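Chains as they are written, first to last, in numbering that gives the first Met the number 0: chain A, 0 to 268; chain X, 0 to 247. By construction, the Cβ of each residue, glycine as well, lies at the ideal position given by its N, Cα and C atoms. Please read all numbers here as calculations on a predicted model, not as lab measurements.
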Amino acid sequence: MNAILELFSYDFFQKAFLAAVFASISCGIIGAYIVSRRIVFISGGITHASFGGIGLAFFLGFNPLLGAVLFAVLSALGIQFFTKVAEIREDSSIAIWWSLGMALGIIFVFLTPGYTPNLMSYLFGNILTVTNSELWWMFMLNLVIVVFFAVFLRKILYIAFDEEFARTAGLPVALFNYLIIVLIALTVVLNIRVVGIILILSLLTIPQATANLFTNDFKRLLVYSSVFAFVGTIAGLFISYFLNIPSGAAIIFTLVVIFGILRLVKSFV
Amino acid sequence: MDPLIKIENLTVAYDKVPVLENVDLEIRENDFLGVIGPNGGGKTTLLKAILGLKKPESGKIHFSKEMSGRKKPIGYLPQVRHIDRKFPITVFDVVLSGGIMQNRQNAKSVAKDKAEALLEEMGVAGIRNKAIGELSGGQMQRVFLCRALLSDPKLLILDEPDTFVDNRFEGELYEKLEKLNEELAILLVSHDVGTITSCVKSIACVNKYLHYHPSNVISQEQLANYNCPIQIISHGEIPHTVLKHHHH
């Protein structure tokens, strides 16, 4: 217990704790939406495509997160465009953007002269090195997401459940879909530092699967997902620190273990 | 009295291939129109054009004064097979979604009371907190009917409400619809020609073209005269049902 309290006196750990809180809320809510709407694969595509932006930013020397946002939004629109206008099957167009982004990232990083030390932390995340400005961005994103979902909860729910009916009811379906895809892109990018590009799908799906064991109500799913994400992230953070293993992987492993235990418990109760 | 909806020379196409061509149709107050036709014949497309979900290639759909506005007073029951049954939503929320755009004062509490009353009326009040995926086919159709009715529509559009339901519920459903028809117009799409002809007042055969029959019986002469597409497409089986029903 003392060791844990002592940890909180470190500046890096306080930041990591805040990052865990922000990641849990944003990923909990956005992930619940993604899972409910069955757009997990699209979100995976957006996430991986953002690596292209990180590579470009390294190459041209600007903020990697800015590059990631650019590519995330671009790929989100690109997937839509490929599917609707170019008439490529949706799962194929997702895979194309997914791999194109990764490929561009690798090319740009390769072309960048010198050593790129932070690359691994973008791929696999390192919550222990989150900076103040990243925390501010995460805080703002959380604020936007919480307010947006609190104000428009019913509309978001009805559109997600039955888009056609929502259109006949006069809801601005297209506008909501675009706003939410932008929120998804921002969530993915700003949480890359916590668990990394390759692992971020976990925060968007595992806590939601756990939450789904206990409720079928959309509103509760948003809240429970955030709570389970928080418990898993914090527990994973401690495990990572005390066992001295990478934080992203430790967090995901913990999330899965929590799900597994609760799933088993549920089938016996 | 103007018709609620007047469709003139409507052509709807997917990828330039027309699914509906030169369709004329009027829907008046207290109409109970059954829409029949083969799969892929354009029944659902017709509904989607009326609902504004599919833009027509050409032609016009006029709405009467009481039917115009951003939120048209149309209640819609879509095909349940397109519903994601694993979606985390409760029955009560599904019903409430039928009244989302009503901006009256205390719209929320009014909608809640109305939703309660509708669930009670349809005999599904006991399942209001269940998830949508836990329902049987009949319960699901009832819930979607509640949702369609929540906004006090003047026209009710139902797309195959008889899928996934047992015979007993089907009977109840058609009874309920006949009762509702005293106050609103109904447009009902169905595969089940036999049952449909027993409760509707008029019939539209849709197979790319639309043939309107102003009564609920289609005689052999009519089939021949109107060159009813059903006869051409389905070699006897469906017209058979129609005719058989006619004799009873």
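The C-beta of A110(X) comes no closer than 7 Å to any C-beta of chain A.
Taking the beta carbon of F217(A) as reference, the chain X residues within 9 Å of it are F86, P87, I88, T89, D92, listed in sequence order. The region 5–60 of chain X contains, as complete alpha helix (DSSP H) runs of 4+ residues, the segments 42–50 (chain order). A contact is defined here as three or more CB-CB pairs under 8 Å, and the region 164–181 of chain X fails this definition with respect to the region 85–96 of chain X.
The distance from the Cβ of K5(X) to that of H61(X) is about 4 Å, consistent with a contact at the 8 Å cut-off.
Proximity of Y177(A) to chain X, defined by a Cβ-Cβ separation below 7 Å, is not satisfied. The Cβ-Cβ distance between V11(X) and V90(X) does not fall below 7 Å.
Within the region 87–166 of chain X, complete alpha helix (DSSP H) segments of at least 4 residues are found at 90–95, 106–120, 136–148, given in chain order. The criterion of a C-beta distance shorter than 7 Å is satisfied by F123(A) and G195(A). Under the DSSP assignment, H190(X) falls outside any beta strand (DSSP E); it carries neither an H nor an E label.
Out of G60(A), Q207(A), F61(A), V222(A), the CA that lies nearest to the CA of R37(A) is found in Q207(A). L59(A): member of the alpha helix (DSSP H) spanning 39–59, first to last residue. Taking S225(A) as the centre and dropping the five residues before and after it, the same chain places the C-beta of S23, I24, G27, I28 closer than 7 Å to its C-beta, in chain order. Less than 7 Å divides the Cβ of A228(A) from the Cβ of L202(A). Taken in chain order, the complete alpha helix (DSSP H) segments of 4 residues or longer contained in the region 143–206 of chain A are 162–167, 172–189, 191–194. For the pair of segments examined, the region 174–194 of chain X was found to touch the region 24–34 of chain X: the number of CB pairs separated by less than 8 Å reaches three.
Each residue's CA atom was taken as its position, placing Q78(X) and I126(X) some 21 Å apart. Interface residue (Cβ-Cβ distance to chain A less than 7 Å): L52(X) is classified as such.
Out of K42(X), P37(X), R84(X), I49(X), the CA that lies nearest to the CA of E25(X) is found in I49(X).
Counting the other Cβ atoms within 10 Å of the Cβ of F80(A) gives fewer than 16, which makes it exposed. Within chain A, the residues R37, F160 have their CB atoms less than 8 Å from the CB of D83(X), given in chain order.
The residues Q78, V188, S189, H190, in chain order, have a CB closer than 7 Å to that of E159(X) in the same chain once the five nearest residues on each side in sequence are set aside. Excluding its 5 nearest sequence neighbours in each direction, I238(A) has C-beta neighbours in its own chain below 7 Å: A249, T253, listed in chain order.
Interface residue (Cβ-Cβ distance to chain A less than 7 Å): Y208(X) is not classified as such. Using a Cβ distance threshold of 7 Å, L179(X) and C145(X) do not count as a contacting pair. DSSP, reduced to helix, strand and coil, places N215(A) outside both helices and strands of the structure shown, so it counts as coil. Interface criterion met: the Cβ of S96(X) is under 7 Å from a Cβ in chain A.
Collapsing the DSSP output to three states places N206(X) in a strand. Here A116(X) is exposed. Its C-beta has fewer than 16 other C-beta atoms within 10 Å. Straight-line measurement puts the Cα of A2(A) at about 60 Å from the Cα of G122(X). Residues of the region 47–73 of chain X with a C-beta less than 9 Å from any C-beta of chain A: K47, L50, G51, L52, G68, R69, K70, K71, I73, listed in chain order.
With a beta-carbon spacing of about 16 Å, F12(A) and M137(A) fall beyond the 8 Å limit used to define contacts. Residues of chain X whose Cβ lies closer than 8 Å to the Cβ of Y223(A) do not exist, since the nearest Cβ in that chain is about 10 Å away.
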